[in-house]
Structure formats: structure tokens, C-alpha cells
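Residue numbers (the UniProt record's numbering): 1 to 263.
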């Protein structure tokens, strides 16, 4: 029986549309072995595998009790497992199988999928399968490098052609050199605390407000050591017109003024 479709003159043969077929997901090594066997097969080629169905005779109608295994025929692939478990699944979208003839340009429906299987190596052959997978991974990691001898040793082919200079990527020499790291300032020697306090009072006598940077330059003292003394003698202005500067505390201001007033 043939069904005519309105889209062109495509005819689909549907005489086998009600035939039940199985859909099976198999490992790549099994698929390659079957394709190789089909390519070299003759008219009376032997089967490539056989399916063994185990059932419970006490519960013949219980589909969950069915167990499917597949036994592979002789194969030249080293370490290829011979026994596989077929895990059946019925929860899938309805599907059909179609074929197309490349010579006659005809399409046919070969059947509808009744059972779906996932093919996995049997637990007895799992170690062989792992070994085969490791070998396949190791082979894929090996890079086949080739060495080509250049007869022209004058380097003509290695020179940039005119107009190509702008397309040549910069080498490591052309890259921007990192800025040299500035050397740290010479280590400042701490003065005697009493001597430094006298210097600080004289500075504040000449100018009421100083920044930390200015005081470090004037006294040539470490900033951290200077901060310790400033926290004791001064007030830090966080806001106002003198923001960011130090000025003497009121009690020290008075003593400085009194000292300056003496004849």
C-alpha cells in the first residue's frame, strides 16, 4: 500500500508500518564492529550477535521480570566485551523507523518502535571495557607531530612580505616593559622622643596647622613614629577649612604661647 503526499511526488511505502521494532543505544565500539561486519558481509553472512531473553515462568505476564542480554559474535577488536546487558525502557515518545533507497529514491516505513534499550557491558566484562576505554583515551591524547625540512635555508619564506608588517603580532620583546619598581625610601632613624617633641613645638609655633606629609619632610622621621607623637600632642581636623591637618591640643597651645611670650 502506498500513500501519496501532496508535497511533490514523494511516495512512502507503509506496508510494514505495523511491524514492531526495537531501538537500541549501543557503545561506539559495538557500532563500529557491526558496520565493519556489514561492509565485508557476503550473502550468507553469519549473525553479528544474539539476544537472550530470561523470564520467570511463575510470572510469565510480568514484563518487569524480563531480562535481556546480548552475546556478541566473534570480533577482531581487542578487549571488546562479548556480553552486554539490555536495559529496557517503555517510557518514551512514540517513534517510527524509516528507510530511504539511494538508488530508487523511495522511502519506506519499516515499523514502529515497541521497546527501547540501553546497551551496557555486562558486569562480568566491565573490567575489560574499562581497560579498552583507557586505551582509547590514551591514544586520543597522543599528538602526531610532523617535521618538515625547508630546502631554502636563506629564510626567504620566513621574512615578512611588504605590507604585512602591520599584521604581524608583537613578540615578547615588543611588549610594554613593566614599570620599574620604585625603591623604598632610605630608612629613617628615630630621634629621641624629647628632642622630637621640641622640634614639633617649634614647628607649630611657626605654623598652626600641618599635614602628616609635611611633618615627615620637616622632621625626617618615620610616619608611624610621628603619628604616635601626633596622637598625643595634636588634634586631627576631619572637616572644616583645615581638613586633613594636625594642630596642637589646647593645653599644648597655651604652653607654647607662654614660652613664646617670655622675654
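Ideal placement from N, C-alpha and C gives every residue a C-beta, glycine not left out.
- Taking 8 Å as the cut-off, the beta carbon of residue 91 is found no closer than this to the beta carbon of residue 25.
- Distance from residue 73 to residue 48 at the Cβ level is roughly 5 Å; contact confirmed, criterion being Cβ atoms closer than 8 Å.
- DSSP links residue 117 through a beta bridge to 24, 88.
- Short of 7 Å from the beta carbon of residue 120, and not among the five residues preceding or following it, lie these beta carbons of its own chain, in chain order: 84, 85, 87.
- In the pairwise beta carbon analysis, the stretch 137-150 is classified as not touching the stretch 92-111: fewer than three pairs are separated by under 8 Å.
- With a beta-carbon spacing of about 6 Å, residue 248 and residue 233 fall inside the 8 Å limit used to define contacts.
- If you look at residue 231, you'll find it in the alpha helix (DSSP H) that goes 223-233.
- The three-state reading of DSSP puts residue 217 in helix, counting H, G and I together.
- The C-beta distance from residue 221 to residue 193 rounds to 11 Å, too long to meet the 8 Å contact threshold.
- Here residue 245 carries a coil assignment [DSSP, helix/strand/coil].
- Under DSSP, residue 96 takes part in a beta bridge, and its partners are 112.
- Ranked by how close their Cα comes to the Cα of residue 213, the residues 224, 113, 206 have 224 in first place.
- Nearest neighbour of residue 115 by Cα position, chosen from 20, 56, 227, turns out to be 20.
- Here the C-alpha atom of residue 31 lies approximately 11 Å from the C-alpha atom of residue 38.
- Residue 28 and residue 69 have their C-alpha atoms spaced approximately 18 Å apart.
- Comparing alpha carbon positions, the residue from 129, 245, 239 closest to residue 231 is 245.
- Taking the CA atoms as reference points, residue 22 sits about 9 Å from residue 111.
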